[in-house]
Amino acid sequence: MKLRCNVIHSIGSLAKRENPSIDYETLKLHYAFTVGVLLIFFIIVSIEQNVGDPILCEVAGGGSIVSINAYCWIHSTFVIPKAFNKEVNIEAPHPGIDSTRNPREYYFLKYYQWIYIMLLFQALLFYIPRWLWRTWEGGKMKILTKDLGSLQLPEPELNKKIAALSKYLVKTWATHNAYAAQYFFCELLALIIVLGQFYMLEVFFDGRFINFGAKIIEYFTSDEYYRQIAERQNIMKNPMIMLFPRVTKCIFRKYGESSTIENKDVLCVMPLNVINEKIFVFQWFWFSVLAILTALSLLMDLFLIMSGWIRVQALRSRFKLVDKKDLQLIVKKGSYGDWFIIDLIGRNIDEIIFKDLVTDVSKKLTQIYKNL
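Residue 1 is where the sequence shown starts when you use my numbering, and the numbers rise one by one after that.
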């Protein structure tokens with residue numbers, strides 16, 4: 001119980017607003033929201049799998065034996081793919097189940113024992129860019145913006161801190177490209193990881209994940225689906241049930257009374273697949289949205305790198321109290337790395353303090369370039 005509480009507390013800490021903020025909203029969606037959701041899924045599936053009854057098997061003729069449940073869970077159950085095209089209650093008892101005895105037509109489901117481990121692995125992958133950026137960032141933003149989040153400091157001390165920060169920025173001007181490049185790499189890595197999820201899950205689900213969401217949309221918007229509903233027929237070819245069947249089969253072998261091998265035809269109910277289905281439907285759609293948002297964020301970064309005018313407009317949209325001429329001068333005399341660190345500082349200090357800081361940096365840069 002204590003371990004579970006610690007895990008839940010850790011998940012909650014991911015969603016807390018970081019002070020100071022060292023990254024942008026897109027990366028937060030990766031390491032805060034996505035990691036948090038995956039860890040919640042991990043806890044749910046772990047509890048259901050290790051504490052509940054993830055599989056309930058019944059031998060033909062009636063009766064359920066604990067050893068058969070364990071055997072079928074360990075050795076994997078199977079479905080008959082062609083049976084998903086048969087009408088339930090008329091041609092088949094359950095979707096994916098019929099009387100086929102040919103082992104070559106069996107499709108074994110090998111993934112369900114490993115789903116909670118996969119969820120934990122996914123959470124770790126999504127946290128890598130955040131861990132890498134925190135390591136490279138090294139607490140720089142915390143040091144630079146310390147005590148500048150409000151105007152509560154005595155004026156002499158506040159002016160002293162602003163002057164020290166301004167002096168640091170001017171002294172290190174045009175040296176922040178590596179700092180910005182490291183963050184850009186972390187965003188690019190985040191995009192690679194989210195796209196890689198589709199291929200990793202494609203392998204995990206034996207080639208049936210990449211088109212999973214598209215098949216769901218196609219299925220629920222098809223004329224056949226609405227016709228079956230209107231005629232109150234059993235719905236066939238549901239892609240969610242085809243990937244996560246509720247009922248599967250298992251062959252249990254044992255010695256009979258005369259020492260001959262007996263084959264027991266076992267029907268297994270998979271209650272955990274109801275949860276698994278929802279988890280991976282969510283993943284497909286969320287990863288698609290997240291990949292698009294991350295790609296757009298990287299595209300915006302490229303525009304900011306190439307265009308000084310866009311960098312000025314980005315600063316003006318966030319910091320409306322700062323004089324436009326000061327922003328233009330800072331962008332003109334600096335690189336993308338200088339813009340990046342100025343923007344992060346502005347997000348972490350009081351807006352009035354930021355206005356005074358930019359004005360002071362602008363004056364000092366003007367004086368320096370005049371003397372060149």
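Ideal Cβ placement from N, Cα and C applies to all residues, glycine included.
Treat the numbers as computed from the prediction; the structure is a model and nothing was measured.
Check, Outcome
"Starting from the Cα of Asp-360, find the closest Cα among Leu-158, Phe-41, Lys-167, Pro-103 and give me that residue.", "Lys-167"
"Expressed to the nearest angstrom, what Euclidean distance is found between the alpha-carbon atoms of Phe-287 and Tyr-127?", "15 angstroms"
"Reducing DSSP to helix, strand and coil, say where Val-59 ends up.", "strand"
"Within 10 angstroms of the Cβ of Met-118, are there 16 or more other Cβ atoms? Answer buried if so, exposed if not.", "buried"
"What runs of the alpha helix (DSSP H), each 4 residues or longer, lie entirely inside the region 124-193?", "140-144, 155-171"
"Rounded to whole angstroms, what's the CA-CA distance from Cys-72 to Phe-108? Just pull it up for me.", "11 angstroms"
"Quick one: residues in its chain with C-beta nearer than 8 angstroms to the C-beta of Val-281, no 5 flanking neighbours on either side, listed in chain order?", "Phe-212, Gly-213, Ile-216, Met-240"
"Just to confirm before moving on: does the CB-CB distance between Phe-84 and Lys-237 stay below 8 angstroms?", "yes"
"With a 10 Å radius around its C-beta and 16 neighbouring C-beta atoms as the bar for buried, classify Asn-50 as buried or exposed.", "exposed"
"Taking the beta carbon of Gln-367 as the centre, do at least 16 other beta carbons fall within 10 Å, making it buried, or is it exposed?", "exposed"
"Should Lys-249 and Thr-77 be called a contact, given that it needs their Cβ atoms to be closer than 8 angstroms?", "yes"
"Under the rule that 16 or more other beta-carbon atoms within 10 Å means buried, what is Met-306, buried or exposed?", "exposed"
"Which residue from Asp-265, Met-300, Met-200, Arg-347 puts its Cα closest to that of Leu-373?", "With the chain represented from 1 up to 372, any question about residue 373 goes unanswered, as that position is not in the structure."
"Give, in chain order, every unbroken run of the alpha helix (DSSP H) that is at least 4 residues long and sits entirely within the region 65-106.", "66-75"
"Have a look at Ile-310 and Val-331 and give me their C-alpha separation to the nearest angstrom.", "10 angstroms"
"Under the three-state reduction of DSSP, which class applies to Asn-50: helix, strand or coil?", "helix"
"If you check the beta carbons only, do Phe-204 and Tyr-111 fall under 8 angstroms apart?", "yes"
"So, Ile-341 versus His-176, is the Cβ gap smaller than 8 angstroms?", "yes"
"Can you grab the Cα-Cα spacing for the pair Leu-3 / Val-35, in whole Å?", "Note that Leu-3 scores 45 on pLDDT, short of 50, meaning its location in the model is unreliable; the coordinates nonetheless yield the value given after this. So the alpha carbons of these two residues sit roughly 18 angstroms apart."
"Closest by CA to Arg-347, which one among Phe-319, Tyr-336, Leu-329, Lys-333?", "Phe-319"
"Does DSSP put Arg-253 in a helix, a strand or coil?", "strand"
"Can you tell which of Asn-263, Glu-277, Glu-224, Ile-210 has the C-alpha that lies nearest to the C-alpha of Leu-243?", "Glu-277"
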